[in-house]
Every structure is written in structure tokens, then in C-alpha cells.
Amino acid sequence: MYRKCTTAETKIGMHNYLCDTDGTGGHLKTLPEDFVVREISDPPRQKDNGDYSIATVTARNWETNRMVRLMSRSMGVSRDRIGFAGTKDKRAVTTQLMSVYGPPELFDKIDLKDLEVRDVYRGARGISIGDLIGNEFEITVRDCTMDPAMIKDTVDADISTIRKTSGFPNYFGVQRFGAVRPVTHLVGERLVRGDIEGAVRTYISFTTPEEDEVLQLKRKELEDTPVSDWGKVFGSIPPAMAFERMMVGVLMNDPEDWIGAISIVPANLQMMFTHAYQSWLFNEMLSRRMNAGLPLNAPVEGDIIIPLDANRIPQHENPILTTAKNIDLVTRQVRAGRAFVTITLFGSDGELAEGEMGEIEHKVIEENRLSHEDFVIPGLPRCTSKGSRREILCPLKQIDYSIKDEGYSLSFSLPKGNYATCLLREFMKSEMRDY
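Counting in my numbering, the final residue of the sequence shown is number 475, and the numbers go up one at a time with none missing.
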């Protein structure tokens, strides 16, 4: 059996660890420089008369949506004309490709603190969500509960376990939900159940003891104030609640426009709500697979396998059902790292596994009283999700580490869609807020 998680991560479906060490403790992101992320991309080809301009952007301590909003304001263009491949951690130093529909001179207008724009060129296409191969990470863990010798022994043991397994459990990490205020999946659940008003109220008022006290009080004030009186509170909503402020602004004009309140926030956040709920369901299913003693690095009959292409990108359009006839061949493909066992990201479409994994998928869906139709959200097309399947194991080809006086540092790369914190939790086993 796997080591059980006893932290708040269980609230987001992460009930197990692969590695059985006690954990080094510690926390991430004491400084933005403790969490360095560099995108691994396949850049759009250069085109002298291209409609798009591409740039490499390095940001320190910037939340992606806020950064895009202020960039669009500086450029004098709609934020919809700015493209990026993925939302990055805020308290970090991140480097990624970004695009704008327009001439390169638009990037010259950007003059924002801790934001560097370089290597601008005209491209044949823009950057879209998911337009990356993976990410490189350099991460420092500080304030550990172990001495340097114990840290080394722990990290060595965990790396050995991960290598023997060919990877680590591919949970959706805390960033998907919110480390301090895990709310996105709760909003998504309300949307899936057709409770748009409940979704908005949850996003505005849900809080946790770990959240800043000023924000806790403001959320409580909004919860206790009738929507018709939110205009009296609007001016005192702090900058850290920018999206909540946008929602309140819509409802001040029309207290019944709950769809408008969701629609006003950035498109990628709208998509994130439903995706986060699907992610919670996935995490629960992965935990139950581990509890059932089913392997992470090999298929059993009924599993659905996804092959990888030459760039090691999963080919979701070519799923393979594991049967008694093909299990030997499929197992060899999985063992060789050319295919992965998957679990459903349940949505409006897509097939479920069969066999033991199918029973787990069906049980979680039935316990939560869900149907495919629930994931079609009327009036909110960006919140509608067809669903997909996700690999249950994240491969880790190379990892280096060094022990420091203040803790230890790790450098590694992961495929797109995988979470560095899900690797770090295997080493640290800290509280959710420490990630």
C-alpha cells in the first residue's frame, strides 16, 4: 500500500504518495527566484509579413492574467489579441513565448516592472493555450525539517523510487485549485450542476483560514450584503480581488446577470473552473487506483492506453483498449515509455475504461451524480468541456539536485500539463500552503 497523505491536499483528491520517506519538509517560493520556470516551445516560424509578432517574455512575480491585462493596456489592444501557451505560477521567475496580433512595435510600448521582453519577430501564427512541449524548472526548497545529511538520504531514496516506477503519480497540483484558497473546482462543480448563481457566490465569498485576513473579511462582507447593495462595497474591494471586483461590477448593473458575471472574467479562467472540477474527479480516481493496488506503470485489462508521438506528446485521438489479446504488446509499449495508462477527464464526451479501472471511474461519477450532459453549460461555452483522458504517471527522465545551507535545489523538466509541485510533494510532504 502507498503512504497516505494527511494534509489538506486530500480536499483536492490527492490521498497518496508514491514515495514512503518521511519527507524533508520545507516550503517553496520564499523568493520568486526560488521557482524558475522556462517554457520548452516549438516557436512559430518567422514570416516577414506575418500578422503576428512573437516575443520571449520573462516575468518576476507576475500573475499571468494580470500581466496580460496590463500588457494589453500598454499596447492599446484588446487582451484577446495577446496569446500565450500556459498560465504560470505567480511567485516565480517565468520565461515563455507570447504573441500579439499586430506589428512588433506593440511590444516596444510595454514598460512594466520586473517584465523583460526580448527577441521580438514577426511570425506566421500566434501562440495559443497548450502551444508548448514542456517546462524546465529550477526550484529551491527552504526551511526543511531535516539536516543536510538526512535531506540527501531522503532525496536519493525518493529519486530511486521514482526511477523504478518510471515516473510519479500525475495528479493535478495545488495550482490547479489554489494553494491558499482552493476554490476553482468548487466553482466548477456549481457550474456543472447548473447553479450559475452559486458558482459566482462561491468564487466571491469562499475563503480559508490561510487567506489574508483583509480578504477574508471582505469576502464575508460581500456574502452578508444583498446583491442589490453591492455597489456600497464595490469601492473597497482590494486589488487582490480583481476578478471578484469584475463580477460585482456586472451584478451592480443587473443583479440577475449571473452568466454575465462568469463571462466577464478572462477566457482561460472561465475554462479553468470546469477543468478544475474535472481535475478533482481525476485525482480522486487516481487515488482509488492506487488504493486498489493497480499499477501506475503497467496496464491491466480494461485500461485505456494513449500512445506518444515522436515529440513524446500524447496522441489522444488514438486510444487503445487493453484486452487479453493485446495486453502483452501494450505492456511492452508502456514499459518502454511509448504509451501511458490513462484515467478519464470526465466531460460531455469520451469513453470510460473497462475492467477494474472502469469500475473505479464509474463509481466516482455515480457517487457525484454526474452525466455527460452536465458538462454542457448553457450560455457559457467556455465553461463547457468535452473531456479527455490523462496519463496517470508523469515521466521524469533527468533530475539533478544540490544540498544548500538553506535547504536544497532541484532542476528537471516535465512534459506540458504536468505539475512540478506533484514531484516536489514526494520529497517534501509539507502542508498544501507550503507549495
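We put the beta carbon where it would ideally sit given N, CA and C, even for glycine.
- The segment 285-304 and the segment 237-257 touch, with no fewer than 3 CB-CB distances between them shorter than 8 angstroms.
- Boundaries of the beta strand (DSSP E) around Leu-450: 447-455.
- For Ser-428, the enclosing beta strand (DSSP E) begins and ends at 428-431.
- Ala-379 counts as buried, since at least 16 other C-beta atoms from the protein chains shown sit within 10 angstroms of its C-beta.
- Close CB contacts of Thr-248 within its chain, under the 7 angstroms cut and outside five residues either way in sequence, are with Val-220, Arg-221 (chain order).
- Per the coordinates, the alpha-carbon of Leu-454 lies some 21 angstroms from the alpha-carbon of Pro-335.
- Sixteen is the threshold: when 16 or more other Cβ atoms of the shown chains lie within 10 Å of the Cβ of Leu-321, as they do, the residue is buried.
- Across the set Val-133, Pro-188, Ala-132, Phe-147, the C-alpha of Phe-147 shows the shortest separation from the C-alpha of Leu-110.
- Taking one beta carbon from each stretch, the segment 452-470 and the segment 189-198 have 3 or more pairs nearer than 8 angstroms; the two touch.
- Burial of Ile-167 is indicated by the presence of at least 16 other C-beta atoms within 10 angstroms of its C-beta.
- Contact check for Phe-177 against Phe-452 passes: the beta carbons are separated by less than 8 angstroms.
- By the neighbour-count criterion, in which 16 or more other beta carbons inside 10 Å mark a residue as buried, Ile-80 falls on the exposed side.
- A Cβ-Cβ contact shorter than 8 angstroms links Ile-360 with Ile-344.
- Taking 8 angstroms as the cut-off, the beta carbon of Gly-163 is found closer than this to the beta carbon of Pro-84.
- The beta-carbon separation of Asn-210 and Leu-433, rounded to 6 angstroms, stays under the 8 angstroms limit for a contact.
- The segment 92-112 makes no contact with the segment 51-60, as fewer than three CB pairs between them are under 8 angstroms.
- In terms of Cβ geometry, Met-472 and Glu-103 do not form a close pair [threshold 8 angstroms].
- When the beta-carbon positions are compared, Asn-337 and Val-290 stay at least 8 angstroms from each other.
- Residue pairing by DSSP places Asp-440 opposite Ser-451 in a beta bridge.
- Setting aside the 5 residues that flank it on each side, Thr-47 is surrounded in the same chain by Glu-471, Met-472, each with a C-beta closer than 6 angstroms to its C-beta; the list follows chain order.
- Shown here, Ile-199 sits in a helix according to DSSP, grouped into three states.
- Here DSSP, grouped into helix, strand and coil, assigns Phe-322 to helix.
- In the structure shown, Ile-367 falls within a helical segment according to DSSP collapsed to helix, strand and coil.
- In the DSSP assignment, Gln-136 falls outside any alpha helix (DSSP H) and lies within the beta strand (DSSP E) extending over 133-141.
- Here Asn-56 is bridged, per DSSP, to Lys-44.
- In the same chain as Asp-159, and ignoring 5 residues on each side of it, the C-beta atoms closer than 6 angstroms to its own belong to Thr-96, in chain order.
- Of the residues Asp-82, Glu-229, Tyr-92, Arg-233, the one whose Cα lies closest to the Cα of Asn-351 is Asp-82.
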